[in-house]
Each structure stands twice: as C-alpha cells, then as structure tokens.
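As structure tokens, the structure follows; a few thoughts come after it.
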Amino acid sequence: MISNIIPGLLMILTSFLLPTIPQYFRQPAMLLSVGLSALSLFNGYGTFLEWDVLGLNLILYQSDSLTFPFSIIFHIAAVLVIIFSWHSKNLMEHMATIAYAGSAIGALHAGDFFSLFIWWEATALTSVFIVFAGNTKAARDAAMRYLIIQVSSGVLLLIGACLLLYQTGNHNLTVLDLTTDFGIFIFIAFGIKAAFPFLNGWLQDSYPESSVTGTVALSAFTTKLAIYALARTFPGTDSLIWIGAIMTAFPVFFAVIENDLRRVLSFSLNNQLGFMVVGIGIGTELSLNGTVAHAFVHIIYKALLFMSMGAVLYRAGTTKASELGGLYKYMPFTTIFCIIGAMSISAFPLFSGFVAKSLIMSSLGGMGMVLIYFVLFFASAGVLEHSGIKIPYFAFFAHERKSKVKEAPINMLIAMGIAAFLCIGIGVFPKYLYQILPYTVEYQPYTIDHVISQLQLLVFAIIAFLFLVKFKLYPSEIKSTVLNSDWFYRKMLPGIGKPLFKKIGLLTEFIYENLRFFFRLILNKSHKFSNSSYIKVTTPSFAATILISILFIMLLIVLL
Amino acid sequence: MKKNNLTSMGKSFTKYILIIGALLILLDFTFHRHEYFSFAEIYGFPAFFGFVSFVFIVLLGKWLRKFLMRKEDYYDQ
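Protein sequences appear in the order of chains S and D. Per my numbering, the very first residue in the first sequence carries number 1; after that it's consecutive. Per my numbering, the very first residue in the second sequence carries number 1001; after that it's consecutive.
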C-alpha cells in the first residue's frame, strides 16, 4: 500500500501534524516520515500513480534511473538537516523544513509539467518560511524578495507548460530545445532556480539571512531540483555549456571579497552549480553521470560547510570574517569537519569532490573543448580559494581569539560527522556512487596522471595563498556589502521607479490644481451672473447657471 | 606562548606544503603525465596554472572592490 504513496507526501503530512506532537517526539517523528518516504527507493523504476483530472493525465509518481540518485541524496539531506536542528525549538522552521524536503522529493517524481509545477511552487512556498525563520528584519525582507522570485519562476513554468500542451497536445516531461517558445519559458523558469548568471541574486540574498539551521536545508534542495529538471529536459543544449562556464568563473571573484562567510558559501554554491550545468550542456552519458554525481556529493559537502558555519554562528554569534578567527582552539571538532568539507569541495584526491568532478572534466577533455576545460580548471583554483581556504582560515585560524566559545552541540557534531564520513567514504570508494548513476559507464578516477595533475594545481594554489599572505597582498576582511545581481531590483529599479512615480505624482497634482482653478473661475462667474439683478427675473436659480456651464463645456468637448 | 601557537602552526604548514609541492614537481620528471591537451603535459603545467590562477583571482577580486564594494548598511539607506 505504502508503495503507491508519492515519496515525500508523508513528510508533508508529518509537517501538518507536527504542532500536535509533543516537543521531544517531533524530531523522531520527522525522521520516521523520512524513513517511510525512503521506502519508495526500493520500488524500482516505473510509473506508479496517475490521476485524470480535468481531462489531463497527471503522472504523480514515476521513477527512473535519473530520479533515483537524486531521491537518495534528498532523503539523506533531509536526515542530516533534522539531526543538525535537533536542539532547535522553532516549530515553524521544523514544519517548513520537513514540508520543503518532502515537496522537493515529490517534485523529483513528477512525470509531467503540471505536477512538476505544483511541487515547484510547493518548494517555494515552504522554503520561504525557512528564510523567514531567520527572524531579523533583513531576513523578513529577503524572504519577501525570495518569494517573489521563486513564484515568478513557477509562473514561467506554468506558462511554458500551457503553451506546450496547447501547441503539441503533450505535457509529459520530455526533452525540449530552445527553438520553441515554450522551451524558452521553461528554460528560464529552471534557470532562475538554478541561479544562472544575472538570475542568481536571490540565492546570495536570501540563504545567508536564514537561521543557523535553515541555511543547511535551503542549500540542499531548490537548486539541485533545478539541476535535475534541466538534466531531464535540456540535456545536450549547447548554450548550457557557456552558461555553466560563466557560473563557475564569475562567483569566484565575488566570493574573494565577501565578508559574510555564509554568503561566501552561497557564491561557492553558485559556482558548483556551474560545473553541473556544464555537464548537462555536454549531454553525453559520461557528462550527465558527472552532473548527477556532482550534485550528489555537492549536497553533502555543501551541507557540511553550511553546518560548520551554522555551528560557528550558533556559538560565536556571527559569520563575518572580520569578526572571527582563532576558533580552532574552542571548536576543534567543528574545525576538523569544516576542513573535511573544504577538502571535498576543493576536489582533493580521496575526497568526494574529486571523484565527481573528474567525470565532468574527463567528458570535456574527451570532447576536445579546450577553452571550457581550462575555464573549469581555473574555477577549480577558485573553489580552493573561497571554500577550501577562505572559509576554514578566517573562521578558525587567521588570528588568536580573545573571548572563549563552546564547541558545537552534540547533535550538530553528529550531523557534521555523518556528512564528513560520507565525504571521505565516497572519495575512497567511488564505485558505490558510480553504481547508482543513470548510465553504466566504466570510469577510473584514480589514475596517476589525474591525481598528480590535480594535486599540483591545488598545492601550488595553496602556495600562492601563503605567498599572498606573506607579502600582505591578500585582501583584508572589510565590513561591507558586495554588489550582486540582486542590485538591479533592490537599487536600480527602485532608483528609477521612485523618482519616476514622484514625477508622475507631481504632474497629476499640477493638472488637478489647474482644473480646480478653472472650476473656481467658472463658479465665481456664475455666482456673479446669477446674483445680478437683471437676470434674476428670468433665471430662477444658481443651479441653472451651473447646468448651462456644464452643458457648454460638454458641447466644447464634443466639438473638439 | 599563546601568541606563538598560530604562527608556529602556520610556519610548519608552510614548510610541509613547500616540501609536498617540490615533490610533486619532481614526480613530474619521473613519468610522462598524460593529459587531454598536449600543452598541459609540459613539466609542472598544472602547478603553474594553479599558482597563476590563484594570484589572478585574488588580485582581480581585490581590484573589483572598487566597483562592487559598498558600506555594510548600503541596502538599508
């Protein structure tokens, strides 16, 4: 019976029941719902639930080799988030988190664009409460902007789906291209959530404003759902290669100068999505495997890094690089876990990032795409800079800390420990990851050429860092805001709009003022006229003169 | 003592990294490193590329501050 329930739906139901469950049983109940939902992983591939409604056949639950790895990792991420937030008593955030994870898992199993749209909006509406739970003015403002952008993405998806149905009579998830108008609508809808260049502002705007635990949940689902959707609908779309390459390279520079370490991680998240998008753009079996593998390991190490910064925020009260440093002494376990996450994302051999990124790099190399290959190679040095070095260095080292702080709570350490274990486990035994990928491809990441080449890149980038610090060339941390693409709608549009509306307001006021003047003029004249003695005899009242004036004006208008 | 902790850690870290870096370069001379592109097979190419990329990223990022950096309360004004 349970096999026909849409995966994730039980988690959403649990979310509604959560307020009725006593506090100490909430996390176990959430874990149980994730466990029950995960039973769907044993169902195999196929279509399990369809629903005919309004003449449309909605495929509510289907699974295949592409949904499978995403479904596994979404369940793992949900478990990590629940353990990490075990100490928290924030009911709203727990409800939002479990419903959000459930919606994302449900979305993976949608078989047509309309079902996908429903889940697409559900992830937006649930996750906005997680941003909201940051519970500061900045968080509330960011949440509203986040909601607007996310819902816009959903609306574009709906428009695309309707056009697709209208023009082709089909609404199932299929491979689309950019020569059709519905293809473009759907592409942009996915592109917003996948944080394409210039559509990425919402990510760095909202994620760092969320709570200690909320950012971990946010980092896992929305963007990777978009990657899944792109991999399903737009594999082999050439423009994605360029879009992805830009995504890997550009956020790197922003991350260098950003002061808030959770925002640095958000830029880094954007850069990681770039690697996945390139893989989709190439569209070969090897590269699509690379995209899925990268999404899989990325969710774990990115969650680990956000968890370590969450722990820092929880204990030290800030994640601003300018106010941190020296925490290694007080938070040794968090430091070690953070470094493991940092080494994984930097793709050191024996860590999970290496075995996933290699697939994408090899498919680029195999296709002879020399320019994109080196853009991504360059971006790898960038990843090492912002996530590999900057995050651990400024939080835990940099300089000695004056005030004491406590190590992270035990539940946080357990969650980070599991994630760190997975990072190393996948790095050492990549075959288990490769087994669940969509295509069967024989691939060996650990060749001597590849290991030496990667190690040379990383080690000499670290030497470059030491060199820059030694000669005081490394930019010091400054309390600041770094402009990003959200500037367009946070500053530029209001900057144009506000004065414009003010001008329009002044103009209408001016027109009214003049009209009033004319009206008074006529009124006075008619008063005078009606009060004069010779007319009094024939015209009975003041009203009549007004009437005549109005008729006269109307006549003028008609004639003109 | 307290103050020396981080400095000594940094010093020994630098030492080990330099040794590893030197070993990696030496290793390059012991075998022919196969790459997808022939120019990447030059001795120490990834090392050079990593070093230059890193310096470029940091220095360009620093320069971009002129255009992209605003006060912390920029959006609240």
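For each residue, glycine too, the CB sits at the ideal point set by N, CA and C. Source: prediction; values computed, not measured.
- Any Cβ of chain S closer than 8 Å to the Cβ of D/S1053 would place that residue at the interface, and such an atom is present.
- Membership of S/N289 in the alpha helix (DSSP H) is indicated by the continuous run 285 to 316.
- The Cβ atoms of S/V312 and D/M1069 lie no closer than 8 Å to each other.
- Annotated three-state conformation of S/Q62 is strand, per DSSP.
- Against chain D, the CB of S/G111 has no partner CB under 8 Å away; the residue lies outside that interface.
- Contact between the stretch 50 to 60 of chain S and the stretch 125 to 142 of chain S is not established, with fewer than three Cβ pairs separated by less than 8 Å.
- By the 16-neighbour rule on beta-carbons within 10 angstroms, S/F16 is exposed.
- A direct Cα-Cα distance of roughly 18 Å separates S/G8 from S/V216.
- Put simply, of S/L507, S/S65, S/I553 the residue whose alpha carbon is nearest the alpha carbon of S/E285 is S/S65.
- Under a criterion of Cβ atoms nearer than 8 Å, the residues of chain S adjacent to D/F1031 are, in order, I448.
- The stretch 319 to 332 of chain S makes contact with the stretch 390 to 409 of chain S; the number of CB pairs closer than 8 Å reaches 3 or more.
- Taken atom to atom, the span from the alpha-carbon of S/I522 to that of S/L547 is near 11 Å.
- If you draw a straight line from the Cα of S/H75 to the Cα of S/V34, it comes to about 7 Å.
- At least one C-beta of chain D is nearer than 8 Å to the C-beta of S/Y373.
- Using beta-carbon distances, D/Y1075 counts as an interface residue toward chain S, with a partner under 8 Å.
- Within the stretch 1021 to 1049 of chain D, complete alpha helix (DSSP H) segments of at least 4 residues are not found at all.
- Scanning S/N172, S/S358, S/T136, S/T213 for the CA closest to the CA of S/L413 turns up S/T213.
- In this structure, DSSP gives S/R401 a state outside helix and strand, which the three-state scheme calls coil.
- Non-local C-beta neighbours of S/E209 in its own chain, meaning closer than 6 Å and more than five positions away in sequence, comprise G134, A138, A139, A142, ordered along the chain.
- For S/F48, the enclosing beta strand (DSSP E) begins and ends at 46 to 53.
- Of all residues in the stretch 450 to 477 of chain S, the ones placed with a Cβ closer than 8 Å to any Cβ belonging to chain D are I452, S453, Q454, L455, Q456, L457, L458, V459, F460, A461, I462, I463, A464, F465, L466, F467, L468, L473, Y474, P475, in chain order.
- Using a Cβ-Cβ distance cut-off of 8 Å, the stretch 229 to 246 of chain S and the stretch 176 to 192 of chain S are in contact, since at least three pairs of beta carbons, one from each stretch, lie closer than that value.
- Judged by DSSP in its simplified three-state form, S/K472 adopts coil rather than helix or strand.
- Proximity of D/Y1036 to chain S, defined by a Cβ-Cβ separation below 8 Å, is satisfied.
- In this model, S/K528 and S/F552 are separated by some 18 Å (Cα to Cα).
- Taking 8 Å as the CB threshold, D/K1071 lines the interface with chain S.
- The DSSP-derived three-state label of S/K503 is helix.
- Residue pairing of D/K1066 in beta bridges, as defined by DSSP: absent, with no partner found.
- If you compare the alpha carbons of S/A220, S/H450, S/M247 with that of S/L199, the shortest gap goes to S/M247.
- Listed along chain D are R1070, K1071, E1072, Y1074, Y1075, each with a C-beta nearer than 7 Å to that of S/T481.
- Taking all protein chains in view, the Cβ of S/W487 is crowded by 16 or more other Cβ atoms within 10 Å, so the residue is classified as buried.
- Close CB contacts of S/A295 within its chain, under the 6 Å cut and outside five residues either way in sequence, are with K224, I227, M276 (chain order).
- Below the 9 Å Cβ cutoff, chain S contributes V256, I257, L473, Y474, P475 as neighbours of D/K1062, in chain order.
- For S/G382, the neighbours in chain D by C-beta distance under 9 Å run, in chain order, S1053, F1054, I1057.
- Listed by position along chain S, the residues whose Cβ is nearer than 9 Å to that of D/I1042 form an empty set, because the closest Cβ is around 12 Å away.
- S/V558 is classed as exposed because its beta carbon has fewer than 16 other beta carbons within 10 Å across all chains shown.
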